[in-house]
Structure formats: structure tokens, C-alpha cells
Amino acid sequence: MNAPAANTDIASAVAEAQARFSAANPNSQAQLEQAAKVLPGGNTRTVLFYPPFPLTITKGEGCHLWDLDGHQYIDFLGEYTAGLYGHSNPTIRAAIDRALDNGIVMGGQNQAEAGLAGAIVDRFPTIERVRFTNSGTEANLMAVSAARAFTNRPGVMVMSGGYHGSVFYFAPGGSPLNAPFPYVMGSYNDVEGCCALIREQGADLACVIVEPMQGGGGCIQGRPDFLAMLREETKNSGALLIFDEVMTSRLGPGGLQALTGVMPDLTSLGKYVGGGMSFGAFGGRADIIDRFDPSRSDAWPHAGTFNNNVLTMNAGLAGLSQVYTAAVAESFNARGDVLRQALNALADKHGVEMQFTGRGSMMAVHFRRGDICNVEDVLAGRNELRPLLHMDLVAQGIYPAARGMFTLSLAHTEASFAALEAAMDEFIVSRRSLLGN
Ligand SMILES: Cc1ncc(COP(=O)(O)O)c(C=O)c1O
């Protein structure tokens, strides 16, 4: 695939790549048009939309996906980290089958919920007690609300570029739909600025919620001194520190908290921890989470019809206890580090303005050199190249997140990684003139 000579600028290269995509995917396009009669824009999940139209996925197996026009892809989107187990892990599948055999919606407590809670408490160093929800968004709503009730304070500090769910969207521009808390916005990795903000807020601040590595924002690692400062200052101010580990908990056996050594008061989880079923959880210090003990006279209420649904509880338990063991978490993320280094070496070899940030099994591409410490650094990149990379990778049978995020699954083999490297090499060579030096 060589870039046609007509592609003298990025906009025309993107237009040409999108035209090629449209021609190759008439069935997906027709499906979207049909869906648009009843779903706004044919969509019920904003993150999955990209121009000219998203592919309709019909099947997944191992690390592969197929679309409605019959193309096969290697899945590097990995359901934005929820797809850690791949599409057909036999242990997960057997756990779901067993659960289905015994009934689905039974309106009672079940054995698997305590099993999964036990596996989580054993795993993540600061989680002494845990409650389940149905999504990461809901887990964060509950964690922030619990922090406000526990401290009897209103304020919620967030970081620009952070994402904690569809009502906690702090990318530039924000969202009119955000949960109506009084927010204070810090700049990620800004030690001095965020320290001053926490001190300024004083007794008004209930919590700081932060991703120890910003995932959706571009796989931006939280610097150790930044995370340590947040710990120290929240402690001094009487506010709670909440780590959103919905994505990052996969990065090591005890999540990113264990790897950084910075210990939050509360942690939210989601994604793969439910074995690929709908999932969220929040947990942490026993003195806080025990306020949900319904036998207490001062108990906080927290219902949720599907909080302990048997498919999630059984799939999650099988996943954490039998598949994503501590040893597997370590070797899996080490493979991701090697892949990220290989992709960066490729960009260096060709001398292009392109880099891959991240850690372990999560990475993101940026079209610029230099440190990427926060969303402002991300915005300084040549982000108009992202749709071109996306279209070109899809054309080569690679399925990444449109925004340039790559997430690994246990189903990936060395051949899957080699295919990604080869496709990236092809992209760089064929689009060389657009990529900068
Ligand atoms: C860091 C983080 N927190 C929370 C969420 C929200 O999780 P969910 O999509 O399950 O509501 C996401 C989703 O991508 C996320 O990346």
C-alpha cells in the first residue's frame, strides 16, 4: 500500500483513505444507516464512532475480529482494556456456561460474589472491602459520593484530560453531562500547581480522583513525585485519594498502586475484572466501605439490580483466580513493554515524529517528540494524523482504537505483535512525507 502521489497533505490523504474504507465496507455503512433510524447517529457508545462510519463487528475469536463485510482483523482495541482475556478463553467460557446452567436472575446473594470480592481483596493492596457495580462510571460515582459523605465535604478534584466515565469527562471542552459536583481541575503531573490547589481548597475538598496513568487521555504515566504529592497533601488536608484503576489495574498483579507504591484510600475497578461481562467495583479502607454494611443503623444505601449478577461474578472469579494470576499479569505486561519499545525503535529508525507512550499492556501513539506529561502535551501533537493511521491500519487488518490506543490481550501471540509492527512500518514508509522529521 503506497500513498498515492496526490496525497501531498494530511487532509487529502485522510479523505482518500476514508474513501477507500467506504468502498471496502458497504455492509457496515448500510448497517449504520439502518441503525440511525432508531439510534442517534446509529450509535449508543460515543467512543466507537469515527468517520466515515464505524465498522460493524460480527464475530470475535481468540485475538481476531470479523466485520460485516467479511474482513478479518487482529484486535488491538481490546475493548478498551476490558478484553484482556481475548474472545474465547475456555476457562471464562466454562464459568459462564456453568453459571447459565443454574439460572440467571435469581434475586439472591450468590457464592461467586464473595469469591470474586475475596480475589480482589487478596490482589489489590489497599482494597480491604469492595462493592460491585455495573460499570466503571457507576463505580466512580459511588466512590466520589462515598468520599463526600465520609468527609462531609463537597469538593472533588479532577485532572484535565482525565476520564472516569461518561459523566466524568474532563478532556478539553468537558461535557455538559458531567455529574454535578463542585469540581476543581488540576493539570496532570503538575506537582506544584496541584499541591497549591489542594491547600487552597482546604476543608472544602472531599477527594482527589485520579488515574495513576491516564488511559483514554493518551496512556500518560503519572510521575512518582506527582502521585506521592497527591497522597501526602490529601492526607494533610483530610481529603480522600481515589485511584481510578478501571484501566490500570491490569498493569501488574496488584494494579498500578502496587507498582508505584502510592496507596489510595479508595480504588475503582472495571473492565476486564468482570471477565469480559459488564462490571464495576469500588473498594478501599474498611472504615469507609463498611459504612455500606446494611446491618448498621447508619448504613449508606447502595442497591443495584445487577451488582452481583451471576455471569459477571463467575466470569470475573474464574478470570482473576485461574487465568490472570499474578505471574501471568507480570509476564503479560513485560511483553507489552517489549512491544512498545519495538514500536518506538521503529519510529526512531525512520526518524519520524512519532512515539508510543504507556506501560505494559496499554499504549498510545503520539505524533510528536518530547515528554508527554499531560493533555496539553497531547494536544501539541499532530493529532490530525491519527485518523490516517487508523484507516491505514484497518486496511492492513489491524483494529486499534480510532484515537490511537492499543491494548493487548492474552490471546495475542508474538505473530500478532509482529503483524502490528509490520503494519506500522508500512504506514511509516508509505506516509513518510506526512510524518515530519
Ligand atoms: C479510567 C476509566 N475510568 C472509568 C471508565 C468508565 O468505565 P465504564 O465504561 O465501564 O463505565 C473508563 C472507561 O473507559 C476508564 O477508562
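Numbering (my numbering) for the sequence shown: 3 to 439. Think of the CB as a built atom: it goes at the ideal place given N, C-alpha and C, for glycine as much as any other residue. Computed from a predicted structure; not experimentally measured.
Close-in-space but distant-in-sequence residues of the same chain around residue i (CB under 6 Å, 5 per side omitted)
i    : result
R225 : N191
L67  : I59, Y75, D77 and Y401
L322 : A121
P6   : Annotation note: pLDDT 46 at P6 (below 50); position unreliable, coordinate value reported separately. So no residue of the chain qualifies.
A97  : N316, A317 and A320
I200 : E235 and S239
A119 : V132
S177 : Y171
T10  : none
Beta-carbon proximity check, residue i vs residue j, cutoff 8 Å
i    : j    : result
D246 : S270 : yes
R1   : R371 : Not covered by the structure: residue 1. The range shown for the chain is 3 to 439.
E23  : M426 : According to the sequence displayed, residue 23 carries Phe and not Glu. No, these two residues do not count as a Cβ contact at 8 Å.
F170 : S162 : no
A149 : I244 : yes
G282 : A141 : yes
T83  : G278 : no
Q223 : G157 : no
A288 : A241 : no
A403 : L79  : yes
V275 : S251 : yes
G286 : D300 : no
Helix, strand or coil at residue i [DSSP, three-state]
i    : result
Y165 : strand
V132 : strand
V212 : strand
L1   : Limits of the chain in this structure are 3 at one end and 439 at the other, which puts residue 1 out of reach.
S147 : helix
R287 : coil
E63  : strand
D379 : helix
V107 : coil
G438 : coil
H368 : strand
S137 : coil
Rounded distance between the beta-carbons of residue j and residue i, thought under 8 Å
i    : j    : result
N112 : V312 : 6 Å
C221 : T93  : Wrong, their Cβ atoms sit about 28 Å apart, outside the cutoff.
M159 : V123 : Not really, about 27 Å apart at Cβ, beyond 8 Å.
L57  : S90  : With 8 Å as the limit, L57 and S90 do not qualify as a contact, their Cβ atoms being about 20 Å apart.
G138 : G167 : 6 Å
L70  : Q20  : No, L70 and Q20 are not in contact; Cβ-Cβ is about 18 Å, not under 8 Å.
I374 : V367 : Contact flag wrong, Cβ pair sits at about 11 Å.
M356 : T409 : Not a contact, Cβ separation roughly 19 Å.
A17  : L436 : No, A17 and L436 are not in contact; Cβ-Cβ is about 13 Å, not under 8 Å.
G406 : R434 : That pair is no contact at about 18 Å.
V354 : G272 : Going by Cβ atoms, the distance from V354 to G272 rounds to 35 Å, so no, they are not a contact pair.
Nonlocal neighbours in the same chain, by C-beta distance under 7 Å from residue i, ignoring five residues either side
i    : result
L229 : P214, T262 and V264
A328 : P255
F51  : G43 and N45
A382 : R370
G64  : G88, H89, S90 and A413
Cβ neighbours of residue i in the same chain (closer than 8 Å, five flanking residues each side left out)
i    : result
M3   : Because M3 sits at a pLDDT of 47, beneath the cut-off of 50, its placement in the model cannot be relied upon, and the following sentence gives the value as read from the coordinates. Within the same chain, M3 has close Cβ partners D394, A397, Q398, E428 and S432.
H304 : R133, M144 and F294
L412 : L86, Y87, G88, N91, V325, Y326, V330 and F334
L179 : S168, V169 and Y171
L348 : E423, M426, D427 and I430
#### Entry: Those residues, in chain order, that have a beta-carbon closer than 6 Å to some heavy atom of ligand 1
Y82, S137, G138, T139, N142, Y165, H166, G167, E213, G217, G218, D246, V248, M249, G272 and G282
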